[in-house]
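**Student:** Let me give you the structure first, and then I'll get to my questions.
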Amino acid sequence: MALMISLTLGSIYSFSLEEGYTNFNGIYKVVKIMTYDEYVAEGRDIIADFFTPNEKTQEEANAQVELLQKSKILKLVPPSSTDETDVIYVPSEFIKETPDFNVGRYPTYGLVAYIGITKNTDTLKTIRDGLEQFVRAATGIDPELTFVSTGEQWLTKTQYEEELAKADEQKKRVLNYFSENIRLEKQLAQANSKIQAYEELIIQLNQKLSEAGS
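For reference, each letter of the sequence shown is one residue, going 31 to 244 in this note's numbering.
This is the structure:
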């Protein structure tokens with residue numbers, strides 16, 4: 031039994047199709063809703079548009095002719111598509127459940143960082159591993175980090191060694207900053223442990239005083 035589906039042109043929905051036709055599952059914008067005759071009149075071929083992408087044979091498609099003739103044909107595009115050829119056609123009879131209109135656009139972000147001049151691939155690996163762990167801990171997402179060259183810079187050997195020296199000096203300052211943070215965090219943790227111990231002691235003393243007074 032076909033679903034009773036009411037769709038608004040220009041709106042975006044999440045579509046789930048029947049088993050065997052799930053290659054077109056996804057989120058799309060509704061561009062046009064046609065009868066099967068209107069679809070054919072536009073010169074479209076349902077075998078090429080729908081059955082072949084879902085890996086169905088000609089025989090399997092022919093067995094669905096009667097179903098198609100009473101179906102609406104949905105012309106759909108990806109929500110942000112600007113390519114007029116990026117279109118799919120879906121017969122409404124093959125939609126498994128009422129399309130979900132509760133969809134939204136969410137931004138995705140990447141990270142671009144200037145690393146500077148280095149020939150030390152071990153340094154790059156250390157940076158990548160550290161960033162991966164930080165991003166994973168902060169977001170729960172496994173990041174895909176890849177280093178690429180942003181260009182070249184011609185230097186004399188002396189200039190290159192000066193660049194390395196400046197980087198080493200900066201690294202020392204950064205390490206001191208992090209070391210101080212770690213030291214302060216340890217002090218805070220120790221202080222919190224002491225406070226918790228005092229709170230537990232106060233609770234015990236109050237209980238003993240209460241028992242003694244009763």
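By construction, the Cβ of each residue, glycine as well, lies at the ideal position given by its N, Cα and C atoms.
Could you check whether ASN53 and GLU90 sit closer than 9 Å to each other, using their CB atoms as the reference points?
**Tutor:** For the purposes of this step, residue 90 is taken as the residue at position 60 of the sequence shown. For the purposes of this step, residue 53 is taken as the residue at position 23 of the sequence shown. In this structure, ASN53 does not lie closer than 9 Å to GLU90 by Cβ.
**Student:** Looking only at C-alpha atoms, which of THR180, SER179, LEU194 sits nearest to THR186?
**Tutor:** Translated into the one-based positions of the sequence shown, residue 186 becomes position 156. Checked all of THR180, SER179, LEU194; the closest Cα to THR186 is LEU194.
**Student:** Give the list of continuous beta strand (DSSP E) stretches no shorter than 3 residues that lie fully inside the segment 135-175.
**Tutor:** none
**Student:** Please find out if some non-hydrogen atom of the ligand SAM comes closer than 8 Å to the beta-carbon of THR52.
**Tutor:** The ligand SAM is absent from the structure shown, which contains no ligand whatsoever.
**Student:** Given MET64, which residues of its chain have a CB within under 6 Å of its CB, disregarding the five upstream and five downstream residues?
**Tutor:** Looking up residue 64 in the sequence shown gives position 34. Hits under 6 Å: ILE103.
**Student:** Where do the N-terminal and C-terminal ends of the beta strand (DSSP E) with VAL61 fall, by residue?
**Tutor:** In the sequence shown, residue 61 corresponds to position 31, counting from 1. Residues 56-65.
**Student:** Looking at VAL60 and LEU106, is the spacing between their C-beta atoms short of 9 Å?
**Tutor:** Mapped onto the sequence shown, residue 106 falls at position 76. Mapped onto the sequence shown, residue 60 falls at position 30. Going by beta carbons, LEU106 and VAL60 fall inside the 9 Å limit.
**Student:** Could you tell me which whole beta strand (DSSP E) segments of length 3 or greater appear in the segment 181-241?
**Tutor:** Qualifying beta strand (DSSP E) stretches: none in this window.
**Student:** How big is the Cα-Cα spacing for ARG158 and SER36?
**Tutor:** On the sequence shown, residue 158 is found 128 positions in, with the first residue counted as 1. On the sequence shown, residue 36 is found 6 positions in, with the first residue counted as 1. Looking at the two C-alpha atoms, the distance is approximately 49 Å.
**Student:** For the pair the segment 126-138 and the segment 146-163, tell me if three or more CB-CB distances fall below 8 Å.
**Tutor:** With a cut-off of 8 Å, the segment 146-163 and the segment 126-138 do not count as touching, because too few Cβ pairs lie within range.
**Student:** Taking buried to mean at least 16 other C-beta atoms within 10 Å of its own C-beta, is SER41 buried or exposed?
**Tutor:** The sequence position of residue 41 within the sequence shown is 11, counting from 1. Label assigned to SER41: exposed.
**Student:** I'd like the list of long-range same chain contacts for GLN183, defined as Cβ closer than 8 Å, with 5 residues on each side in sequence excluded.
**Tutor:** Stepping through the sequence shown from its first residue, residue 183 is reached at position 153. Contacts found: ILE147.
**Student:** Alpha carbon to alpha carbon, how far is GLN88 from LEU97? Give it in angstroms, no decimals.
**Tutor:** As a working mapping, residue 97 is identified with position 67 in the sequence shown. As a working mapping, residue 88 is identified with position 58 in the sequence shown. Straight-line Cα distance between these residues: approximately 15 Å.
**Student:** Can you list, in chain order, the residues of its chain whose CB lies under 7 Å from that of MET31, leaving out five sequence neighbours each side?
**Tutor:** As a first step, residue 31 is located in the sequence shown; it is residue number 1 there, counting from the start. The predicted model places MET31 with a pLDDT of 47, which falls under 50 and marks its position as unreliable; any figure quoted below should be read in that light. So the list is empty, once near-sequence residues are dropped.
**Student:** Contact defined as beta carbons within less than 8 Å: I believe TYR58 pairs with PHE45. What is the distance between those atoms, to the nearest angstrom?
**Tutor:** Residue 58 sits at position 28 when you count from the first residue of the sequence shown. Residue 45 sits at position 15 when you count from the first residue of the sequence shown. Right, the Cβ-Cβ distance comes to about 6 Å (below 8 Å), so this counts as a contact.
**Student:** Could you tell me the boundaries of the beta strand (DSSP E) in which VAL120 lies?
**Tutor:** On the sequence shown, residue 120 is found 90 positions in, with the first residue counted as 1. 118-121 is the span of the beta strand (DSSP E), which, as asked, contains VAL120.
**Student:** If you follow the beta strand (DSSP E) that LEU98 is in, where does it begin and where does it stop?
**Tutor:** On the sequence shown, position 68 is the one that residue 98 refers to. No beta strand (DSSP E) contains LEU98, which is instead part of the alpha helix (DSSP H) from 95-99.
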